[in-house]
Structures are given as structure tokens and as C-alpha cells.
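**Q**
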Amino acid sequence: MPAANQQLTLDDISQHVRTHIGEWLAEQSLAKPPAVYEIELRERMIRVEEELKNQRELMKQGFDLMEKRFEIMSKENNRRFEAMDKRFEIMTEENNRRFEIMDKRFESMRRENEKYFEIVNKRFNDMNKRFDDVNKRFNDENKRFDDVNKRFEEMNENFKILGQRIDRFVVWSFGGTIGMGSLVIAAIKLL
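In this text, residue positions in the sequence shown follow my numbering: the first is 2, and each later residue adds one.
#1: For Pro3, count the other beta carbons within 10 Å of its own beta carbon; 16 or more makes it buried, fewer makes it exposed. Which is it?
#2: Can you tell me whether DSSP reads Thr20 as helix, strand or coil?
#3: Would you identify the three-state DSSP class for Leu192, choosing helix, strand or coil?
#4: Return the CA-CA distance between Asp13 and Arg19, expressed in angstroms with no decimal places.
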């Protein structure tokens with residue numbers, strides 16, 4: 002099979018380009034000859050490696066400094082948290098003391114209110130007794146009025162009986178007067 006008709010693989014092409022690229026560039030004078038280029042390339046690689054080493058050392062120093070700073074910040078934060086804890090404890094104790102004072106004050110106010118309520122209840126009881134006394138007086142007055150009504154009824158009865166007696170007396174007196182008058186007239190006629 003002729004070489005022109007052979008199907009080349011990607012690996013074959015890349016291998017061919019690698020082997021001939023130095024020559025092609027040197028021919029076109031776009032690059033330096035391969036030996037000089039290789040030396041420069043090695044020098045560059047050494048400089049890059051040294052720079053990477055310097056960068057690594059700088060990064061390590063930066064990380065060390067950051068770690069020290071984090072430790073300092075951690076200590077500072079711990080100190081602040083401890084101070085805050087102490088402050089919260091003090092505030093809690095102060096609040097507890099104030100709440101105890103408030104509880105005592107509420108208790109004393111409750112006792113005072115109970116005394117006032119007892120006094121008010123006593124006054125209401127006294128007023129109730131007064132109202133009971135007034136009711137008793139009204140009941141006594143009602144009994145008196147009932148007694149007066151009974152007396153009036155008795156007097157009314159007595160007047161009725163007296164009226165009947167007077168009526169009888171008048172009838173008897175009239176009858177007696179007429180009878181006496183008749184006897185006197187009869188005696189005068191007979192005489």
C-alpha cells in the first residue's frame with residue numbers, strides 16, 4: 002500500500018510533528034536551534050522551579066502567619082466569651098436579685114391588698130348589719146302598723162257594737178217614752 006494512501010492515526014501524526022518541529026522552526030528561523038532552545042528551556046524550567054519553591058515558601062510563611070493570627074484571634078475570642086459569660090452570670094445574679102425583690106414587693110402588696118380587702122369586707126359586713134338593722138326596724142314598724150290596724154279594727158268593732166247599743170237604746174228609749182206618754186195620757190184621761 003502506498004504511503005499516501007495509508008490512513009494515519011492521530012498518534013502517528015503527533016509523533017511525526019514532534020520529531021520534526023524543531024527542524025521546521027529552525028529552518029524558518031522562528032526559533033533558535035534545538036540545542037540552544039533546549040538549554041534556554043532548561044534554564045526557564047529551573048527559574049520556574051525556583052520561583053515555585055519561593056512561592057511555596059512564601060505561602061508556607063503566609064499560612065504560618067495566618068495560623069498564628071487565628072490562634073491569637075481564638076485566644077481573644079475565648080477571652081471575650083469568658084468575659085461575656087461572666088457578664089451574663091453577673092446579669093443573671095442581678096436579675097435574680099431584682100426578681101426576688103420584686104417577688105417580695107408583690108408579696109407585701111398582696112398582703113396589703115388582703116388587709117384592705119379584709120377592711121372593705123368588714124365595712125360591707127357592717128353595712129349589711131346596718132341594712133339588717135334597718136330591715137328589722139322596718140319590720141318592727143310594720144308590726145306597729147299592724148298593731149295600730151288591729152286597734153282600729155277593734156275600735157271599729159267597738160263603734161259598731163256601740164252603734165247597735167245606741168240604736169237599741171234609742172228604740173227602747175223611744176218605746177219607753179211613748180209607753181210613758183201613753184200611760185200619762187191614759188192616766189190623765191182616767192182621772
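C-beta atoms are modelled at their ideal positions from N, C-alpha and C, and glycine is treated no differently.
**A** So, from the listed chains and residues:
#1: Translated into positions along the sequence shown, residue 3 becomes position 2. Confidence at Pro3 is low in this model, with a pLDDT of 48, below 50, so its placement is unreliable and the value that follows should be read with caution. It counts as exposed.
#2: Position 19 of the sequence shown, counting from 1, holds the residue named residue 20. Thr20: helix per DSSP, three-state reduction.
#3: The residue given as residue 192 occupies position 191 in the sequence shown. It is coil, neither helix nor strand.
#4: Translated into positions along the sequence shown, residue 13 becomes position 12. Translated into positions along the sequence shown, residue 19 becomes position 18. Roughly 10 Å between the two C-alpha positions.
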